[in-house]
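Note sheet for the following structure.
Numbering (our numbering), first residue to last: 14 to 301.
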């Protein structure tokens, strides 16, 4: 009997820590979604409002706009990162001189913290003193309001995210390429298949699990992005870069409407789980 419960005693402290730092906050925030909690009147009580927070949220045009901004950012950033990452992975999979050095150099953006990345690129995009506008003026071009124009602000945020995480996608795809068997490629060379045919009919189907893992990871990371966007634009100008995370922050930590912000958080979690479930199901199908 003692031997049976001994493993549980060893792992119980870890489970206790998980309950304190994960389960309890999630449960309490879920409880808040059905209550009206504001800093002004929470001392008097936290009244039960049922689904009113969710109804107000889904009928709020600002929340719908933040969802649109988030999906625009996610789809655009992931599409560019996947294309560039696949190209880098195919390049690094070849026999190149100095391949290890090149691999180390492209991984440098991943080693920077998001705060440093946001502040650095904010200086680079500065209208008056940024180095990007300096080189534009050297080419006799007009300086650009990278972070002040609504259309350009989203492009600027996408550029920063692509610079930061393309190397991560390339690393995942490179690991998948190096794990592929050689026999199908040797058979394709013997049959006279071109490089494009080999890539389309052999490499991509065999690499599909790695591709979907990379897409799943990047989807989760970009959907919940906050710090880089906040440091660059703080959701502006005119809510052009206000993602769902920034929308939740504004209501939760500026307006202190924690019930409404918690409801928005759980809607975001549900959307992420649905998309992640679809991708995970695709991974399962590809492995059969």
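All residues carry an ideal CB built from backbone N, CA and C; glycine is no exception.
Quick one: grab the DSSP three-state call for residue i.
{"i": "residue 46", "result": "coil"}
{"i": "residue 256", "result": "coil"}
{"i": "residue 301", "result": "Its pLDDT being 38, under 50, residue 301 is placed unreliably by the model, and the measurement read from it follows with that caveat. Reduced to three states, the DSSP call for residue 301 is coil."}
{"i": "residue 270", "result": "strand"}
{"i": "residue 83", "result": "helix"}
{"i": "residue 14", "result": "coil"}
{"i": "residue 296", "result": "helix"}
{"i": "residue 134", "result": "helix"}
{"i": "residue 230", "result": "helix"}
{"i": "residue 61", "result": "strand"}
{"i": "residue 283", "result": "helix"}
{"i": "residue 211", "result": "helix"}
If we ignore side chains and look at the alpha-carbon of each, how far apart do residue i and residue j end up?
{"i": "residue 35", "j": "residue 113", "result": "39 Å"}
{"i": "residue 240", "j": "residue 211", "result": "41 Å"}
{"i": "residue 23", "j": "residue 188", "result": "35 Å"}
{"i": "residue 18", "j": "residue 32", "result": "20 Å"}
{"i": "residue 216", "j": "residue 104", "result": "14 Å"}
{"i": "residue 39", "j": "residue 124", "result": "30 Å"}
{"i": "residue 254", "j": "residue 247", "result": "8 Å"}
{"i": "residue 152", "j": "residue 208", "result": "39 Å"}
{"i": "residue 60", "j": "residue 106", "result": "60 Å"}
{"i": "residue 128", "j": "residue 206", "result": "48 Å"}
{"i": "residue 195", "j": "residue 130", "result": "40 Å"}
{"i": "residue 134", "j": "residue 162", "result": "16 Å"}
{"i": "residue 219", "j": "residue 295", "result": "14 Å"}
{"i": "residue 250", "j": "residue 168", "result": "13 Å"}
{"i": "residue 146", "j": "residue 191", "result": "41 Å"}
{"i": "residue 81", "j": "residue 149", "result": "31 Å"}
{"i": "residue 268", "j": "residue 76", "result": "15 Å"}
{"i": "residue 89", "j": "residue 57", "result": "46 Å"}
{"i": "residue 74", "j": "residue 65", "result": "16 Å"}
Report, in whole angstroms, the separation of the C-beta atoms of residue i and residue j, which I expect to be a contact under 8 Å.
{"i": "residue 242", "j": "residue 259", "result": "6 Å"}
{"i": "residue 231", "j": "residue 182", "result": "6 Å"}
{"i": "residue 166", "j": "residue 233", "result": "Between residue 233 and residue 166 the Cβ distance is about 23 Å, and since that is not below 8 Å, they are no contact."}
{"i": "residue 302", "j": "residue 63", "result": "Only positions 14 to 301 of the chain appear in the structure, and residue 302 is not among them; the question remains open."}
Look at the Cβ atom of residue i, then the Cβ atom of residue j, and state whether they are nearer than 7 Å.
{"i": "residue 44", "j": "residue 271", "result": "no"}
{"i": "residue 225", "j": "residue 102", "result": "no"}
{"i": "residue 83", "j": "residue 287", "result": "no"}
{"i": "residue 179", "j": "residue 121", "result": "no"}
{"i": "residue 137", "j": "residue 144", "result": "yes"}
So, does the region 61 to 71 touch the region 275 to 283, judging by three or more C-beta pairs under 8 Å?
Contact between the region 61 to 71 and the region 275 to 283 is present, because at least three Cβ pairs lie under 8 Å.
For the region 83 to 99 and the region 164 to 178, state whether three or more C-beta atom pairs, one from each stretch, are separated by less than 8 Å.
Yes: at least three Cβ pairs fall under 8 Å.
Do the region 152 to 168 and the region 195 to 202 make contact, defined as three or more Cβ pairs closer than 8 Å?
These segments do not touch.
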